[in-house]
Every structure is written in C-alpha cells, then in structure tokens.
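Undergrad: Each residue of the sequence shown is one higher than the one before, starting from 1 at the first, in UniProt numbering. Even glycine gets a Cβ: it sits at the ideal position worked out from N, Cα and C. Keep in mind it's a predicted model, so treat the numbers as computed, not measured.
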Amino acid sequence: MFPSSWNGVVSNKVQTGTWKSIRRTSSADTVTKDVFTLSMSHGSQPRNATYEYLIAPGKTAEQMSAYAAAMPIDIIQNTENIQAVRHKGLNVTGIVFYQPGSIDLGSIKVDVNHASLVLINESGEQPELSVSTPGADFVDLELALQSEAYGNVTHKVLTPGGKAYGGQTVSFNWSEGPDNSGREELKNALLEAASQAQNAPNLTLTAVADTELQGGKYENENFDIVSRWDLWVGQIADRESNQSGATKTVKSVVKFDLGSLSSKGVQKATLKLYVRAVHAPEPQVINVYALADSHWHETKVTWNNLPAIASEAIPVSVTASQHKQWVELDVTELLNGTHEDHLSLLLENLGQGYVAFASDETDGQAATLEIQQAL
1 MFPSSWNGVV
11 SNKVQTGTWK
21 SIRRTSSADT
31 VTKDVFTLSM
41 SHGSQPRNAT
51 YEYLIAPGKT
61 AEQMSAYAAA
71 MPIDIIQNTE
81 NIQAVRHKGL
91 NVTGIVFYQP
101 GSIDLGSIKV
111 DVNHASLVLI
121 NESGEQPELS
131 VSTPGADFVD
141 LELALQSEAY
151 GNVTHKVLTP
161 GGKAYGGQTV
171 SFNWSEGPDN
181 SGREELKNAL
191 LEAASQAQNA
201 PNLTLTAVAD
211 TELQGGKYEN
221 ENFDIVSRWD
231 LWVGQIADRE
241 SNQSGATKTV
251 KSVVKFDLGS
261 LSSKGVQKAT
271 LKLYVRAVHA
281 PEPQVINVYA
291 LADSHWHETK
301 VTWNNLPAIA
311 SEAIPVSVTA
321 SQHKQWVELD
331 VTELLNGTHE
341 DHLSLLLENL
351 GQGYVAFASD
361 ETDGQAATLE
371 IQQAL
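(1) Secondary structure at residue 260, three-state DSSP: helix, strand or coil?
(2) Have a look at residue 349 and residue 80 and give me their C-alpha separation to the nearest angstrom.
(3) I'd like the span of the alpha helix (DSSP H) that includes residue 64, first residue to last.
(4) Quick one, which of 107, 263, 205 has its alpha-carbon nearest residue 149's?
(5) Let me make sure I understand the geometry here. Which of 191, 339, 63 has the alpha-carbon closest to that of residue 55?
(6) Suppose contacts are defined by Cβ-Cβ distances below 8 Å. Is residue 215 in contact with residue 303 by that definition?
(7) Tell me whether the beta-carbon of residue 145 lies closer than 8 Å to the beta-carbon of residue 123.
(8) Taking one C-beta from the stretch 62–76 and one from the stretch 21–38 each time, how about it: are there three or more such pairs within less than 8 Å?
(9) Looking at the secondary structure, which residues open and close the alpha helix (DSSP H) in which residue 335 lies?
(10) Would the stretch 300–314 count as touching the stretch 328–338 if we require 3 or more Cβ pairs under 8 Å?
(11) Quick test of the definition: if touching needs 3 or more C-beta pairs under 8 Å, does the stretch 253–265 touch the stretch 204–224?
(12) Can you tell me where the beta strand (DSSP E) with residue 354 in it begins and where it stops?
(13) Could you give the residue range of the beta strand (DSSP E) that holds residue 172?
(14) Would you tell me roughly how many angstroms separate the C-alpha atoms of residue 185 and residue 155, rounded to the nearest one?
(15) From which residue to which residue does the beta strand (DSSP E) around residue 286 run?
(16) Kindly give me the distance between the Cβ atoms of residue 223 and residue 274, rounded to whole angstroms, as I take these residues to be in contact under 8 Å.
(17) Taking the beta strand (DSSP E) that residue 315 belongs to, which residues open and close that run?
(18) Could you round the C-beta distance between residue 331 and residue 292 to whole angstroms and report it? I think they count as a contact, below 8 Å.
(19) With residue 363 as the anchor, note down where its beta strand (DSSP E) starts and where it stops.
(20) Less than 8 Å between the C-beta atoms of residue 112 and residue 97, yes or no?
(21) Apart from the five residues on each side of it in sequence, which residues of its chain come closer than 6 Å, Cβ to Cβ, to residue 289?
(22) Any idea what DSSP makes of residue 12, helix, strand or coil?
(23) According to DSSP, is residue 78 part of a helix, a strand, or is it coil?
(24) Cutting at 6 Å between CB atoms, please list the residues of its own chain near residue 229, excluding the five before and the five after it.
(25) Measure the alpha-carbon distance for residue 374 versus residue 262 and round it to whole angstroms.
(26) I'd like to know whether the C-beta atoms of residue 139 and residue 118 end up nearer to each other than 8 Å.
(27) Whole angstroms are fine: how far does the CA of residue 16 sit from the CA of residue 28?
(28) Expressed to the nearest angstrom, what Euclidean distance is found between the alpha-carbon atoms of residue 158 and residue 173?
(29) Rounding to the nearest angstrom, what Cα-Cα distance links residue 121 and residue 151 in this structure?
(30) Consult DSSP for residue 322 and reduce its assignment to one of helix, strand or coil.
(31) Should residue 271 go down as buried or exposed, given a rule of 16 or more other Cβ atoms within 10 Å for buried?
(32) Considering only DSSP beta bridges, list what residue 209 is partnered with.
(33) Identify every residue that forms a DSSP beta bridge with residue 45.
(34) Per DSSP, residue 214 forms a beta bridge with which residues?
(35) Apply the 10 Å Cβ neighbour rule to residue 264 and answer buried if 16 or more other Cβ atoms are within range, or exposed otherwise.
(36) Residue 225: which of 2, 301, 295, 37 sits nearest, CA to CA?
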C-alpha cells in the first residue's frame with residue numbers, strides 16, 4: 001500500500017525466460033513461471049524526493065481496503081538521515097538513524113551518537129527499548145531519552161559483535177538500561193584472539209572484495225553483479241560478442257585487508273586462486289600485478305577508473321587439468337612493496353583463451369593470501 005501517490009506498473013502474469021539471459025554461466029533452459037512484478041518510477045533525475053509504502057502480507061483485497069481505511073501506521077519522518085514510523089495499534093515506534101542524530105516523537109525525544117536502529121515499545125507500564133547497530137560491532141552507543149511521562153535517562157549500550165553475534169539486538173527497559181557485562185567479556189576475548197592472531201607466524205587472509213572488468217564499449221561499466229561467483233580473466237566469447245564477431249577482453253581485481261599483519265614484516269606470501277573454468281587448448285598465463293592503491297569499491301570500479309598498476313607482472317600458468325583445483329603464486333614481493341593497509345591485485349591474461357577463478361561469493365573458494373610472518 002502506498003500512503004501517498006505513486007507512479008508505477010503492476011503485473012501478474014506468466015513469463016518465460018532463461019537464467020542465462022541474466023548471467024552467462026547459468027542454465028540456458030527455458031523456465032516458465034507465474035511472476036508478480038511491481039515497479040515504481042523514480043522520475044527523471046529526482047532531487048530530494050521520497051516515497052513510502054507498506055507491506056501487509058496475507059491479506060485479501062477486502063482486508064487490505066479495511067487496513068488502508070484504518071491506517072494504523074504513522075510515518076513520522078522520512079529523510080536521508082532518519083526514517084521513523086509508528087504503529088498506533090501496537091504502540092510501537094521504529095527509528096532508523098543513518099548517522100548520529102535526534103528525533104522528537106512528541107512525547108519522547110531520542111538522541112544517539114552513532115548510526116543505529118531503535119525500537120520503542122510503549123505498550124507496557126514503561127517503555128521497552130531494542131537497539132542494534134547492523135554492520136558495526138561493539139559500538140559504544142550513547143542513547144539519550146527525554147520524556148515527561150517516563151523521565152530523562154541516558155543509557156550506555158555496548159552492541160554485540162563478532163561473527164556469531166554482530167548485528168543482534170540489545171533489549172532493556174526505560175529505567176534500568178542494558179547489562180553490558182557479557183558483551184564486554186566477549187569483546188575483550190575477541191580482541192585478545194585478534195592480538196594473538198596478529199603475532200602468529202602463519203596467517204590466512206581471505207579476499208574482502210573482488211570483481212571482473214570488461215574493456216571496449218563496457219570500459220565504463222561495473223560488472224560486480226555479473227561476476228557474482230566467477231572472476232573472469234582473458235578473452236570471452238559469448239552470444240553478444242559472437243554476433244558482433246569480436247571477443248570481450250576481461251580482467252579481474254582482488255582486494256585483501258592487511259590490518260591483521262604484524263609490524264615485523266612478511267617472510268612469504270602465497271596467493272591461492274581456485275580454478276572454476278579454463279577455456280583454451282594451451283596453458284593460460286595469468287599476470288598478477290599490484291595496484292597503486294585500494295581506493296576502489298567492487299560495485300563501482302570499472303576498467304577505466306581502476307587504480308594504476310604499481311609493479312611488474314608475476315606470472316602463473318593455468319592449464320585445463322587444473323580445473324576445480326587451487327593454483328598458487330608467490331606474491332611476497334608485491335605484499336612487501338605496498339605501504340597501505342590493503343593490497344589490491346590485478347589478474348590479466350593476454351592470451352586467446354580465458355580462466356575463471358572463484359570469487360568471494362563462493363563458499364570456501366575465495367582467493368586467499370597464505371602469510372608467513374617474520375618472527
């Protein structure tokens with residue numbers, strides 16, 4: 001349901017297509033399904049525009065009409081910094097702070113010092129609050145609350161962190177606030193483990209970003225959604241290129257976070273790449289270069305805006321017999337040559353075939369750096 005006006009298209013019909021038309025490595029089998037589609041037009045070059053919609057699953061058309069007539073949701077604020085809504089029937093308010101800020105809800109004023117999600121449930125004797133900081137671990141969140149009915153309080157909230165708990169919610173009531181002791185212990189334990197890992201002689205770093213890049217008429221386009229599972233390197237012949245009588249030149253980039261390395265230096269660094277496909281009668285020679293910097297994002301980088309090459313090539317040969325195997329390359333020189341907290345590597349193939357390596361979206365097959373640190 002759209003509380004305000006909207007412009008778009010709704011369809012509910014049988015559609016036929018192939019997954020290969022979206023991603024070239026997917027199945028070419030024709031699939032026919034009932035497809036519901038709803039699209040909203042944002043207009044031409046909108047500036048400071050907004051829209052609102054509600055999703056109420058499992059309702060009939062009649063129930064949806066009654067729901068719209070009652071309209072239990074109040075949209076309090078909808079800006080680029082804060083979004084807030086209130087369910088009048090449940091007496092619950094949800095707030096998204098995209099940055100530190102404050103909001104006046106009428107009976108309650110909320111102030112936070114960090115981007116966060118705040119849920120306020122006023123259905124009981126005193127409000128229950130739920131707080132989280134998705135994407136940010138162990139945030140020391142300061143939550144200031146002002147209310148004539150419930151009093152003014154400021155709570156220190158340590159949000160959860162680590163792979164198992166990051167992004168989870170902390171819940172507490174208005175007057176008592178949260179118990180942070182368990183999360184303090186976990187934070188200290190993880191910091192100690194990270195410190196021990198930093199001083200360990202052997203360390204494995206997994207790629208934190210990667211994508212393919214296409215040249216020619218695609219040199220200004222990003223292909224991260226295309227390279228979801230594969231990092232292509234070489235000359236690609238697909239339906240489009242076959243129709244035009246030319247192959248596509250593709251290369252890939254991989255980024256590693258070096259923040260966990262000790263200051264003692266690296267004795268040896270081995271790049272490991274998992275081979276998902278090889279297309280060529282002859283061995284393919286993949287040249288690996290270090291880039292001048294790592295100030296690129298996998299959803300935005302293109303052939304043309306990629307940072308400059310900052311090293312000589314280090315070659316690795318890949319053959320068809322290495323399909324579904326790991327190939328290794330000594331990149332100690334490239335790693336020791338960087339002065340940044342990240343290392344970005346360019347994979348290039350000047351031959352006539354191609355190789356596809358596993359991307360960071362694959363399970364257990366992403367590119368890794370095996371590090372032997374100096375003692």
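TA: So, from the data block:
(1) Position 260 of the sequence shown, counting from 1, holds the residue named residue 260. Residue state, collapsed to three classes: coil.
(2) The residue labelled residue 349 in the question sits at position 349 within the sequence shown. The residue labelled residue 80 in the question sits at position 80 within the sequence shown. The alpha-carbon atoms of residue 349 and residue 80 are separated by roughly 43 Å.
(3) Numbered from its first residue, the sequence shown carries residue 64 at position 64. From DSSP, the alpha helix (DSSP H) with residue 64 extends over 61–70.
(4) Locating residue 149 in the sequence shown gives position 149, where the first residue counts as 1. A check of alpha carbon separations from residue 149 across 107, 263, 205 identifies 107 as the nearest.
(5) To locate residue 55, count along the sequence shown from 1; it is residue 55. Ranking the options by Cα distance to residue 55, first place goes to 63.
(6) Working through the sequence shown from its first residue, we reach residue 215 at position 215. Working through the sequence shown from its first residue, we reach residue 303 at position 303. Contact flag set, yes.
(7) Residue mapping note: residue 145 aligns to position 145 of the sequence shown, counting from 1. Residue mapping note: residue 123 aligns to position 123 of the sequence shown, counting from 1. In this structure, residue 145 sits away from residue 123, with a CB-CB distance that is not shorter than 8 Å.
(8) Here the stretch 62–76 makes no contact with the stretch 21–38; the two share fewer than three CB pairs at distances below 8 Å.
(9) Indexing the sequence shown from 1 puts residue 335 at position 335. Bounds of the alpha helix (DSSP H) holding residue 335 are 332–336.
(10) Flag = yes, the stretch 300–314 and the stretch 328–338 touch.
(11) The stretch 253–265 makes contact with the stretch 204–224, as at least three CB pairs between them are under 8 Å.
(12) Residue numbering aside, residue 354 sits at position 354 when the sequence shown is read from its first letter. Segment 354–358, the beta strand (DSSP E) holding residue 354.
(13) Working through the sequence shown from its first residue, we reach residue 172 at position 172. Element bounds for residue 172: 170–173.
(14) Against the sequence shown, residue 185 aligns to sequence position 185. Against the sequence shown, residue 155 aligns to sequence position 155. Straight-line Cα distance between these residues: approximately 19 Å.
(15) Here residue 286 refers to the residue found at position 286 when the sequence shown is read from its first residue. Boundaries of the beta strand (DSSP E) around residue 286: 284–290.
(16) Against the sequence shown, residue 223 aligns to sequence position 223. Against the sequence shown, residue 274 aligns to sequence position 274. Not really, about 19 Å apart at Cβ, beyond 8 Å.
(17) In the sequence shown, residue 315 corresponds to position 315, counting from 1. In the DSSP assignment, residue 315 falls within the unbroken beta strand (DSSP E) covering 314–318.
(18) Stepping through the sequence shown from its first residue, residue 331 is reached at position 331. Stepping through the sequence shown from its first residue, residue 292 is reached at position 292. 16 Å between Cβ atoms; not a contact.
(19) Sequence index remark: in the sequence shown, residue 363 carries index 363 (1-based). Premise fails: residue 363 is in no beta strand (DSSP E) and is neither H nor E.
(20) Mapped onto the sequence shown, residue 112 falls at position 112. Mapped onto the sequence shown, residue 97 falls at position 97. Yes, the Cβ-Cβ distance between residue 112 and residue 97 is below 8 Å.
(21) Indexing the sequence shown from 1 puts residue 289 at position 289. Result list for residue 289: 309, 311, 313, 346, in chain order.
(22) Here residue 12 is taken as the residue at index 12 of the sequence shown, counted from 1. It is a strand residue.
(23) Taking the sequence shown and counting its residues from 1, the one referred to as residue 78 is at position 78. Strand.
(24) Position 229 of the sequence shown holds residue 229. Excluding positions up to five away in sequence, the list reads 359, 361, 362.
(25) Here residue 374 corresponds to residue number 374 of the sequence shown, with the count starting at 1. Here residue 262 corresponds to residue number 262 of the sequence shown, with the count starting at 1. So the alpha carbons of these two residues sit roughly 8 Å apart.
(26) One-based indexing of the sequence shown puts residue 139 at position 139. One-based indexing of the sequence shown puts residue 118 at position 118. No, the Cβ-Cβ distance between residue 139 and residue 118 is not below 8 Å.
(27) Along the sequence shown, read from residue 1 onward, the residue named residue 28 stands at position 28. Along the sequence shown, read from residue 1 onward, the residue named residue 16 stands at position 16. Distance between the alpha carbons of residue 28 and residue 16 is about 12 Å.
(28) In the sequence shown, residue 158 corresponds to position 158, counting from 1. In the sequence shown, residue 173 corresponds to position 173, counting from 1. Cα to Cα, residue 158 sits roughly 15 Å from residue 173.
(29) Here residue 121 refers to the residue found at position 121 when the sequence shown is read from its first residue. Here residue 151 refers to the residue found at position 151 when the sequence shown is read from its first residue. Whole-angstrom Cα-Cα distance: 16 Å.
(30) The residue labelled residue 322 in the question sits at position 322 within the sequence shown. Secondary structure at residue 322: helix, using DSSP grouped into helix, strand and coil.
(31) Position 271 of the sequence shown, counting from 1, holds the residue named residue 271. The residue in question, residue 271, is buried, as its Cβ has 16 or more Cβ neighbours within 10 Å.
(32) If you number the sequence shown from 1, residue 209 lands on position 209. 255.
(33) Taking the first residue of the sequence shown as 1, we reach residue 45 at position 45. Residue 45 pairs with nothing; no bridge assigned.
(34) Counted from its first residue, the sequence shown places residue 214 at position 214. Answer is 250.
(35) Translated into the one-based positions of the sequence shown, residue 264 becomes position 264. Exposed.
(36) The residue labelled residue 225 in the question sits at position 225 within the sequence shown. It is 301.
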